[in-house]
Amino acid sequence: MKVEYHPSTVADLNAAISHYDRQRAGLGSLFRAEVYAVIDRVIEDPQLYAEVKGVRRALVKRFPYSVVYRLMPDERIRVLMIRHHKRHPEHGAQRS
45 MKVEYHPSTV
55 ADLNAAISHY
65 DRQRAGLGSL
75 FRAEVYAVID
85 RVIEDPQLYA
95 EVKGVRRALV
105 KRFPYSVVYR
115 LMPDERIRVL
125 MIRHHKRHPE
135 HGAQRS
(Lines of atoms letter the chains of each structure in order from A and count residues from 1; the text may use other names and numbers.)
(Lines give C-alpha, C1' and ligand atoms only; values in the text may rest on other atoms or scores of the structure.)
Protein backbone atom coordinates (compact mmCIF):
# COMPACT_ATOMS: atom_id res chain seq x y z
CA MET A 1 0.00 0.00 0.00
CA LYS A 2 1.36 3.41 -0.97
CA VAL A 3 1.71 6.10 1.69
CA GLU A 4 2.06 9.78 0.88
CA TYR A 5 2.48 12.71 3.24
CA HIS A 6 1.01 16.18 3.18
CA PRO A 7 3.98 18.60 2.88
CA SER A 8 3.31 20.04 6.37
CA THR A 9 3.39 16.60 7.99
CA VAL A 10 7.19 16.50 7.93
CA ALA A 11 7.28 19.89 9.69
CA ASP A 12 4.77 18.61 12.30
CA LEU A 13 6.91 15.56 12.99
CA ASN A 14 10.22 17.44 13.11
CA ALA A 15 8.82 20.07 15.49
CA ALA A 16 7.60 17.39 17.89
CA ILE A 17 10.90 15.49 17.68
CA SER A 18 12.84 18.69 18.47
CA HIS A 19 10.52 19.42 21.39
CA TYR A 20 11.07 15.98 22.90
CA ASP A 21 14.85 16.07 22.30
CA ARG A 22 15.00 19.35 24.25
CA GLN A 23 13.24 17.62 27.14
CA ARG A 24 15.54 14.59 27.21
CA ALA A 25 18.24 13.23 24.91
CA GLY A 26 16.87 10.38 22.80
CA LEU A 27 13.22 11.08 23.55
CA GLY A 28 12.71 12.52 20.08
CA SER A 29 13.99 9.30 18.52
CA LEU A 30 11.60 7.29 20.67
CA PHE A 31 8.74 9.52 19.56
CA ARG A 32 9.72 9.10 15.90
CA ALA A 33 9.79 5.31 16.31
CA GLU A 34 6.31 5.32 17.89
CA VAL A 35 4.90 7.47 15.07
CA TYR A 36 6.31 5.14 12.42
CA ALA A 37 4.96 2.13 14.34
CA VAL A 38 1.49 3.70 14.08
CA ILE A 39 1.96 4.32 10.36
CA ASP A 40 3.01 0.66 9.95
CA ARG A 41 -0.23 -0.42 11.68
CA VAL A 42 -2.21 1.85 9.36
CA ILE A 43 -0.50 0.27 6.34
CA GLU A 44 -1.37 -3.22 7.63
CA ASP A 45 -5.04 -2.34 8.16
CA PRO A 46 -6.01 1.15 6.92
CA GLN A 47 -9.63 0.72 8.00
CA LEU A 48 -8.74 -0.22 11.58
CA TYR A 49 -9.48 3.28 12.85
CA ALA A 50 -12.90 4.92 12.67
CA GLU A 51 -13.59 7.44 9.94
CA VAL A 52 -15.03 10.79 11.03
CA LYS A 53 -15.65 13.53 8.47
CA GLY A 54 -13.53 11.72 5.91
CA VAL A 55 -10.41 11.30 8.06
CA ARG A 56 -9.11 8.67 10.46
CA ARG A 57 -7.06 9.17 13.61
CA ALA A 58 -4.60 6.67 15.06
CA LEU A 59 -3.19 7.29 18.53
CA VAL A 60 0.57 7.28 19.14
CA LYS A 61 1.46 5.10 22.14
CA ARG A 62 3.07 6.82 25.13
CA PHE A 63 2.77 10.29 23.58
CA PRO A 64 -0.20 12.70 23.36
CA TYR A 65 -0.26 12.69 19.56
CA SER A 66 -2.34 11.22 16.76
CA VAL A 67 -1.55 10.38 13.17
CA VAL A 68 -4.40 11.83 11.11
CA TYR A 69 -4.84 10.28 7.69
CA ARG A 70 -7.24 9.78 4.83
CA LEU A 71 -7.78 6.58 2.87
CA MET A 72 -7.94 7.67 -0.76
CA PRO A 73 -10.31 6.10 -3.34
CA ASP A 74 -7.37 4.41 -5.08
CA GLU A 75 -6.38 2.90 -1.67
CA ARG A 76 -3.40 5.21 -1.11
CA ILE A 77 -2.93 6.37 2.46
CA ARG A 78 -2.46 10.13 2.78
CA VAL A 79 -1.03 11.20 6.14
CA LEU A 80 -2.40 14.68 6.75
CA MET A 81 -0.76 15.58 10.06
CA ILE A 82 0.84 14.53 13.30
CA ARG A 83 -1.41 16.36 15.78
CA HIS A 84 -0.93 16.99 19.49
CA HIS A 85 -4.02 16.15 21.52
CA LYS A 86 -4.19 19.67 22.96
CA ARG A 87 -4.63 21.14 19.49
CA HIS A 88 -8.14 22.08 18.47
CA PRO A 89 -9.76 19.17 16.58
CA GLU A 90 -10.18 21.42 13.54
CA HIS A 91 -6.44 22.21 13.44
CA GLY A 92 -5.24 21.18 10.01
CA ALA A 93 -8.76 20.39 8.79
CA GLN A 94 -8.07 22.25 5.55
CA ARG A 95 -5.30 19.81 4.62
CA SER A 96 -6.22 17.37 1.90
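Numbering (the numbering used here), first residue to last: 45 to 140. We put the beta carbon where it would ideally sit given N, CA and C, even for glycine. Just so it is clear, the structure is predicted and the values come from calculations on it, not from any experiment.
| With contact counted as at least three CB pairs below 8 Å, one residue from each stretch, are the stretch 83 to 92 and the stretch 57 to 64 in contact? | no
| request: Can you tell me which of Phe107, Leu92, Met116, Pro117 puts its alpha carbon nearest to the alpha carbon of Lys130? | output: Per the Cα distances, Phe107.
| What residue from Ala81, Pro117, Arg120, Lys97 has the CA that sits closest to Val111's CA? | Ala81
| said: To test your reading of the DSSP string, which unbroken alpha helix (DSSP H) runs of 4 or more residues are found completely within the stretch 63 to 93? | reply: 71 to 88
| Helix, strand or coil for Val111 per DSSP? | Note: Val111 maps to strand in three-state DSSP.
| message | Less than 7 Å between the beta carbons of Ile83 and Tyr109, yes or no? | response | No. Outside cutoff.
| query | Considering Arg101, what are the terminal residues of the beta strand (DSSP E) in which it resides? | reply | 99 to 103
| said: On the DSSP bridge list, what partners appear for Arg122? | reply: Note: Arg122 is bridge-paired with Glu48, Arg114 in the DSSP secondary-structure output.
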